[in-house]
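Read through the structure below, which is laid out as structure tokens, and then see the notes.
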Amino acid sequence: MKKMVYPILTIEKNGMELYAFRKSKNFSIADEELVRKLGFEGLRIIDSKGTEFKINSFERIGWGTFFMGYSLFTKGRQIKLKFNVEKIDNHTLDELKVITATSVKVGKEKSELPEGSRGLIRSINETSSIEELIELFY
Numbered sequence: 793m794k795k796m797v798y799p800i801l802t803i804e805k806n807g808m809e810l811y812a813f814r815k816s817k818n819f820s821i822a823d824e825e826l827v828r829k830l831g832f833e834g835l836r837i838i839d840s841k842g843t844e845f846k847i848n849s850f851e852r853i854g855w856g857t858f859f860m861g862y863s864l865f866t867k868g869r870q871i872k873l874k875f876n877v878e879k880i881d882n883h884t885l886d887e888l889k890v891i892t893a894t895s896v897k898v899g900k901e902k903s904e905l906p907e908g909s910r911g912l913i914r915s916i917n918e919t920s921s922i923e924e925l926i927e928l929f930y
């Protein structure tokens, strides 16, 4: 199994939401309630080398903090997760520009995009590396 190279970009199952994570620790700790509601099966991940993975399953392996998952800075309890992923594909920078720009524009006509989204699409098209592209979504 090929290991993911951070930073990574996750693409929600609906294809409309993109999230970036700089380190494994940031990605493998999540809110317990959110995990219960949404799950992670089917989530697509693209690493900084352009490799796409899909989460097949996950398991809770412990608490996300020393205090049984509670934190002063987050609502709810944090849990640590272990993911079972499979490699799906390899993408070029140009392919990833299309994937991310499409996710930003899903369901909107070009004239309906808020200025911030138009600026993001412009920034996507100007990136020169996959890491730089992922950094746009921190």
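Residue numbers 793 to 930, in the numbering used here, belong to the letters of the sequence shown in order.
Every residue gets a Cβ at the ideal spot worked out from N, C-alpha and C, and that includes glycine.
Just so you know, these numbers come straight off a predicted model, no measurement behind them.
Three-state class that DSSP yields for residue i in the structure shown
i	result
Lys817	helix
Lys841	coil
Gly861	coil
Val877	strand
Thr802	strand
Ser849	strand
Lys872	strand
Given residue i as reference, the closest of the options once Cα atoms are compared
i	options	result
Ile921	Gly868, Asp839, Phe875, Phe813	A quick correction: the sequence has Ser, not Ile, at residue 921. If we check each option's Cα against that of Ser921, Asp839 comes out closest.
Ser816	Lys872, Arg852, Asp886, Val827	Lys872
Glu923	Asn848, Ala822, Glu824, Lys889	Lys889
Arg914	Val827, Thr843, Ala822, Ala893	Ala893
Val896	Asn882, Asp886, Glu887, Ile916	Ile916
Lys841	Asp886, Trp855, Ser909	Asp886
Lys929	Asn806, Phe813, Val827, Asp823	Rather than Lys, the amino acid found at residue 929 in this sequence is Phe. Phe929 has its Cα closest to that of Phe813, out of Asn806, Phe813, Val827, Asp823.
Asn806	Asp881, Arg910, Lys795, Glu833	Glu833
Length of the line joining the Cα atoms of residue i and residue j
i	j	result
Phe850	Phe858	21 angstroms
Phe875	Phe845	11 angstroms
Leu912	Arg869	33 angstroms
Thr919	Leu864	37 angstroms
Gly831	Phe819	13 angstroms
Glu878	Asn848	7 angstroms
Thr843	Ile891	13 angstroms
Gly861	Ile880	32 angstroms
Local Cβ density within 10 Å of residue i, reported as buried at 16 or more and exposed below that
i	result
Thr866	exposed
Met808	exposed
Leu835	buried
Thr884	exposed
Ile800	buried
Leu826	exposed
Ile926	buried
Chain B within 8 angstroms of residue i, Cβ atoms only
i	result
Ile853	Considering every chain present, this structure includes no chain B. It has just one protein chain.
For residue j and residue i, believed in contact at Cβ under 8 angstroms, the rounded distance
i	j	result
Ile837	Thr802	5 angstroms
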